[in-house]
Amino acid sequence: MSLAELICPAGTPAALRTAVDAGADAVYCGFQDATNARNFPGLNFTPDELAEAVTYAHARGTKVLLALNTYPPAGKVDLWRHAADTGARLGVDAFIVADMGVADYIARTYPGIRLHLSVQAAASSPEAIRYYCENFGVKRVVLPRILTIPEIRQLRREIPCEIETFIFGNHGLMVEGRCSLTNYLTGQSTNMDGVCSPASDVEYVRDADGSMSSQLAGFTIDRFGVDEKAGYPTICKGRYAAPHRPEGYYAFEEPISLNLSRLLPELIEAGVHAFKIEGRQRSKSYVRGVVRAFRAAVDDIKAGREANIADLIALTEGQKQTQGAFETKKWR
Amino acid sequence: MAVNTMTKLTLGPIAYHWSADARRDYYARIADEAPVDEVYLGEVICSKRAPFHEADLPATIERLERAGKTVILSTLAEVMLKRERKATEDLAAMDTPEIEVNNAAGLYARGKRPHRIGPFMNAYNDATIAWMAGQGATHVCLPAEMPAPAIAAAAQAAVALGLGVEVQVYGRASLAVSARCYHARAHGRTKDNCQFVCEEDPDGMPLRTRDDRPIMRVNGIQTLSESYVDLLPEAARLIADGVTHLRLMPQAVDMVAVAQVFRDALDGRVPTGEADARLATLSGHAGLSNGFYHGTAGYRRIAAAAPA
């Protein structure tokens with residue numbers, strides 16, 4: 129059986145301590161700048177905060193993974209190198225990277241520190257994953273959320289590194305690391321700036337008929353009737369009109385959460401080494417609830433007991449859930 | 447514009463599902479009439495489409511090469527399924543023509559043999575370009591969303607390493623790819639039973655916001671910009687910054703005429719302003735944009751600064 133490590137989000141020092149206390153095997157976090165893909169206001173760590181966080185986590189047997197998983201534009205690579213230097217000095221357990229230049233720098237400069245390949249690298253075939261393993265010594269790949277469990281099982285046999293999969297949280301639709309939708313509408317880049325549908329560009333506008341438009345940079349991403357709850361204008365979760373769908377429809381995906389709690393036993397059996405919970409932007413209490421529930425479920429499964437899935441389902445009560453691509457190819 | 451007769455004009459791979467007939471006619475005209483130096487061929491977006499036109503590839507390559515064009519075969523941007531892995535490996539095994547790699551699976555298969563880096567490879571910076579050059583890359587096409595200062599810095603690094611540097615200067619920008627087919631979804635189907643409905647939209651399926659503003663285009667698993675990128679007014683600056691190749695992405699407009707406009711402007715035969723006005727006419731209803739280049743929202747059109 130695989131290790132089934134639980135990898136938990138730490139958007140703030142408080143969330144990190146919460147995740148550690150709730151039973152995370154590892155936490156992942158980033159600095160307060162463009163070097164990570166959750167470069168949101170009020171999130172992430174100063175170097176001093178990361179130093180304290182590493183001490184706190186290590187004292188409790190929890191690993192700290194540092195996300196350096198954006199793509200530096202030419203002329204700014206030093207920001208990523210300095211972030212890697214700082215992380216290495218503070219004793220992080222692994223770097224999560226996507227850019228080949230960043231991976232190459234860390235592999236040469238800090239050969240003793242593990243490299244994990246971020247989902248932002250979009251490595252979805254054995255050959256692509258082997259490329260990063262053989263060239264940069266990558267020890268683990270975070271898989272894009274596009275593979276079925278049989279495909280993951282097959283992939284496991286063809287690659288020389290560990291597999292980490294997302295199991296809970298935001299359900300990204302586009303291939304990560306290949307999406308410029310936000311930059312097209314707002315001028316801030318997901319790949320280069322770590323920004324996705326940024327709150328600074330969001331506006332909710334009440335229309336004359338009482339309906340609500342949720343807008344990003346002045347574009348109506350969705351419009352809600354008086355009895356509907358207005359959702360956040362994430363571009364790939366919006367409703368648009370197409371020639372065959374003049375009424376407007378979720379062209380890409382509904383606002384929906386990934387929840388693979390029912391599939392945990394199968395994922396473990398397929399050889400997945402680590403389960404990732406998305407949500408560095410989420411509250412402390414959310415992190416506490418989700419991490420505790422998944423800790424209990426994973427421990428139960430590893431001990432051969434039936435996991436109490438009901439607790440995990442309850443976590444997203446009121447919100448739509450999906451098993452996404454993991455369950456069936458029909459998702460595609 | 448200063449005369450830039452050395453700058454190469456290229457034609458990117460067709461992103462859409464044009465029929466085999468349409469492709470044959472299109473490439474025959476390109477071979478005979480279009481002043482482009484290099485042509486990228488092959489299916490980059492959806493592996494299901496390839497069987498419709500790959501049988502024509504040898505004849506198309508021959509036709510274009512006879513017309514003096516350099517031909518490059520582009521690999522798939524997304525590689526997951528067996529047939530996609532096989533297609534990528536087969537291309538990577540070829541000695542001629544050159545290949546352009548759009549997925550790390552292609553890099554793996556190619557090893558250190560010479561290849562070009564495609565726009566889906568995320569070559570955003572000097573460190574990555576240096577790494578790629580060390581692995582056999584001879585040429586790099588930068589991502590469409592890069593702003594001017596990063597293009598200049600990347601181009602400088604690439605040129606110093608002896609690489610060709612390419613930037614898309616015309617056509618819709620690729621904004622995203624997905625494992626899900628959004629064309630099939632719009633028609634209540636899935637990717638496996640899509641019935642190739644994407645063929646209905648040779649310039650992409652338009653999405654409009656619910657207050658009726660055009661916003662994006664769907665092309666199978668790909669999402670594209672609603673506007674056509676137009677960096678003709680910026681071409682002189684790109685070239686001064688080290689860019690060696692300017693890429694035109696095929697759209698459902700008169701691409702021979704589009705190529706002619708660019709060539710005339712590059713060779714100094716037509717003033718930039720006049721050339722750009724012609725381009726707007728040729729582009730029909732599509733809005734033109736250069737926001738990415740100017741470091742702002744990609745859809746925006748930033749007016750050229752007055753000549754110094």
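Sequence order for the protein chains is W and L.
Residues in the first sequence are numbered from 129 upward in steps of one, following this note's numbering.
Residues in the second sequence are numbered from 447 upward in steps of one, following this note's numbering.
We put the CB at the ideal spot given by N, CA and C, even for glycine.
### Task
Return the CA-CA distance between L692 of chain L and L243 of chain W, expressed in angstroms with no decimal places.
As a position in the second sequence, residue 692 of chain L is number 246, starting the count at 1. As a position in the first sequence, residue 243 of chain W is number 115, starting the count at 1. Near 36 Å, if we compare the C-alpha coordinates of L243 of chain W and L692 of chain L.
### Message
Which residue marks the beginning of the beta strand (DSSP E) containing P75 of chain W, and which one marks its end?
### Response
Only positions 129 to 460 of chain W appear in the structure, and residue 75 of chain W is not among them; the question remains open.
### Task
Could you give the DSSP three-state label for P374 of chain W: helix, strand or coil?
Position 246 of the first sequence, counting from 1, holds the residue named residue 374 of chain W. Strand, per DSSP.
### Query
Taking 8 Å as the CB-CB limit, is P137 of chain W close to chain L?
Along the first sequence, read from residue 1 onward, the residue named residue 137 of chain W stands at position 9. Among the residues facing chain L, P137 of chain W is not included, as its CB has no counterpart in that chain under 8 Å away.
### Query
Roughly how many whole angstroms lie between the Cα atoms of L461 of chain W and M302 of chain W?
Limits of chain W in this structure are 129 at one end and 460 at the other, which puts residue 461 of chain W out of reach.
### Buried/exposed call for Q641 of chain L, threshold 16 Cβ in 10 Å
Position 195 of the second sequence holds residue 641 of chain L. So Q641 of chain L counts as exposed.
#### Entry: S339 of chain W - containing alpha helix (DSSP H), residue span
The residue labelled residue 339 of chain W in the question sits at position 211 within the first sequence. Unbroken run through S339 of chain W: none, as it is neither H nor E.
### Message
Pairs of beta-carbons, one from the stretch 216 to 227 of chain W and one from the stretch 337 to 353 of chain W, closer than 8 Å: are there three or more?
### Response
Too few Cβ pairs lie closer than 8 Å, so no.
### Query
Given a threshold of 16 other Cβ atoms within 10 Å of its Cβ, counted over all protein chains shown, does M695 of chain L qualify as buried or as exposed?
Translated into the one-based positions of the second sequence, residue 695 of chain L becomes position 249. It is buried - the Cβ of M695 of chain L has at least 16 other Cβ atoms within 10 Å.
### Query
Taking Cβ-Cβ distances shorter than 8 Å, what residues in chain L pair up with M302 of chain W?
For the purposes of this step, residue 302 of chain W is identified with residue 174 of the first sequence, where counting begins at 1. Within chain L, A622, V623, S624 and T669 have C-beta atoms less than 8 Å from the C-beta of M302 of chain W, given in sequence order.
### Message
Do E394 of chain W and G297 of chain W have their beta-carbon atoms positioned less than 8 Å apart in this structure?
### Response
As a first step, residue 297 of chain W must be located in the first sequence, where it is residue number 169. As a first step, residue 394 of chain W must be located in the first sequence, where it is residue number 266. No, Cβ-Cβ distance for G297 of chain W and E394 of chain W is not below 8 Å.
### Task
For D350 of chain W, return the contacting residues in chain L, with the cut-off set at a CB-CB distance below 8 Å.
Position 222 of the first sequence, counted from the start, is the residue given in the question as residue 350 of chain W. In chain order: R656.
### Task
Scan the stretch 439 to 458 of chain W for residues whose Cβ lies nearer than 7 Å to a Cβ of chain L and list them as they occur along the chain.
Residues of the stretch 439 to 458 of chain W with a Cβ closer than 7 Å to any Cβ of chain L, in chain order: A453, K457 and K458.
### Query
Does any residue of chain L bring its CB to less than 8 Å from the CB of N324 of chain W?
On the first sequence, position 196 is the one that residue 324 of chain W refers to. The sequence as given places Cys at residue 324 of chain W; Asn does not occur at that position. Any Cβ of chain L closer than 8 Å to the Cβ of C324 of chain W would place that residue at the interface, and such an atom is absent.
### Message
So, with DSSP's three-state summary, where would you put H186 of chain W?
### Response
The residue you call residue 186 of chain W lines up with position 58 of the first sequence. H186 of chain W: helix per DSSP, three-state reduction.
### Query
Beta-carbon of A594 of chain L versus every beta-carbon of chain W: anything under 8 Å?
For the purposes of this step, residue 594 of chain L is identified with residue 148 of the second sequence, where counting begins at 1. By this cut-off, A594 of chain L is not an interface position.
### Task
Could you tell me which residues DSSP pairs with L692 of chain L in its beta bridges?
Your numbering for residue 692 of chain L matches position 246 in the second sequence. In DSSP, L692 of chain L forms a bridge with L:L455 and L:V613.
### Message
Assuming contact is defined by CB atoms lying nearer than 8 Å, are Y368 of chain W and I661 of chain L in contact in what I supplied?
### Response
In the first sequence, the residue the question calls residue 368 of chain W occupies position 240. In the second sequence, the residue the question calls residue 661 of chain L occupies position 215. Taking 8 Å as the Cβ cut-off, Y368 of chain W and I661 of chain L qualify as a contacting pair.
### Message
Quick check: what's the CA-CA separation for R556 of chain L versus A195 of chain W?
### Response
Your numbering for residue 556 of chain L matches position 110 in the second sequence. Your numbering for residue 195 of chain W matches position 67 in the first sequence. Distance between the alpha carbons of R556 of chain L and A195 of chain W is about 29 Å.
### Query
If you draw a straight line from the C-alpha of F708 of chain L to the C-alpha of A721 of chain L, how long is it?
Position 262 of the second sequence, counted from the first residue, corresponds to residue 708 of chain L. Position 275 of the second sequence, counted from the first residue, corresponds to residue 721 of chain L. If I take the Cα positions, the gap works out to 7 Å.
### Query
What's the call for T456 of chain L, buried or exposed, on a 16-neighbour Cβ count within 10 Å?
Against the second sequence, residue 456 of chain L aligns to sequence position 10. Its Cβ being crowded by 16 or more others within 10 Å, T456 of chain L is buried.
### Task
Name the residue from W:C157, W:K412 and W:T237 whose alpha carbon lies nearest to the alpha carbon of G265 of chain W.
Taking the first residue of the first sequence as 1, we reach residue 265 of chain W at position 137. That would be W:T237, whose Cα lies nearest to the Cα of G265 of chain W.
### Query
In or out: V449 of chain L buried (at least 16 other Cβ within 10 Å) or exposed?
In the second sequence, the residue the question calls residue 449 of chain L occupies position 3. Exposed is the call here.
### Query
Hey, is I437 of chain W's beta-carbon within less than 8 Å of any beta-carbon in chain L?
To locate residue 437 of chain W, count along the first sequence from 1; it is residue 309. Taking Cβ atoms only, chain L never reaches closer than 8 Å to I437 of chain W, which makes this a no.
### Message
Residues in the same chain with beta-carbon distance under 7 Å from F159 of chain W, minus the five sequence neighbours each way, listed in chain order, please.
### Response
Numbered from its first residue, the first sequence carries residue 159 of chain W at position 31. Excluding the 5 residues flanking it on each side, F159 of chain W has same chain C-beta neighbours closer than 7 Å at N172, F173 and A211, in chain order.
### Message
Between the stretch 629 to 643 of chain L and the stretch 576 to 596 of chain L, can you find at least three pairs of beta-carbon atoms closer than 8 Å?
### Response
No: the two stretches stay apart, fewer than three of their Cβ pairs being nearer than 8 Å.
### Message
Does the CB of S252 of chain W have a neighbour CB from chain L at under 8 Å?
### Response
In the first sequence, the residue the question calls residue 252 of chain W occupies position 124. Answer yes: the Cβ-Cβ gap between S252 of chain W and chain L drops below 8 Å somewhere.
### Three-state class that DSSP yields for V623 of chain L in the structure shown
If you number the second sequence from 1, residue 623 of chain L lands on position 177. Here V623 of chain L carries a strand assignment [DSSP, helix/strand/coil].
### Message
Checking the sheet assignment: what are the DSSP bridge partners for P652 of chain L?
### Response
Translated into positions along the second sequence, residue 652 of chain L becomes position 206. P652 of chain L is bridged to L:R663.
### Message
Using only the alpha-carbon positions, how far apart do D572 of chain L and Q602 of chain L sit?
### Response
The count along the second sequence starts at 1 and reaches residue 572 of chain L at position 126. The count along the second sequence starts at 1 and reaches residue 602 of chain L at position 156. Their backbone Cα atoms lie some 8 Å apart in a straight line.
### Task
Under 8 Å between beta-carbons, which chain L residues line up against G359 of chain W? List them in chain order, please.
The count along the first sequence starts at 1 and reaches residue 359 of chain W at position 231. The contacting residues do not exist; G359 of chain W stays about 13 Å from chain L at best.
### Query
How many whole angstroms separate the CB atoms of D384 of chain W and T450 of chain W, which I take to be in contact at a CB cut-off of 8 Å?
Translated into positions along the first sequence, residue 384 of chain W becomes position 256. Translated into positions along the first sequence, residue 450 of chain W becomes position 322. The question names Asp, yet the displayed sequence has Ile at residue 384 of chain W. Contact between I384 of chain W and T450 of chain W holds: their C-beta atoms lie close to 5 Å from each other, under 8 Å.
### Query
If you draw a straight line from the alpha carbon of R659 of chain L to that of P254 of chain W, how long is it in whole angstroms?
Position 213 of the second sequence holds residue 659 of chain L. Position 126 of the first sequence holds residue 254 of chain W. So the alpha carbons of these two residues sit roughly 41 Å apart.
### Task
Kindly indicate which three-state DSSP category G297 of chain W falls into: helix, strand or coil?
Within the first sequence, the letter at position 169 stands for residue 297 of chain W. Here G297 of chain W sits in strand by DSSP.
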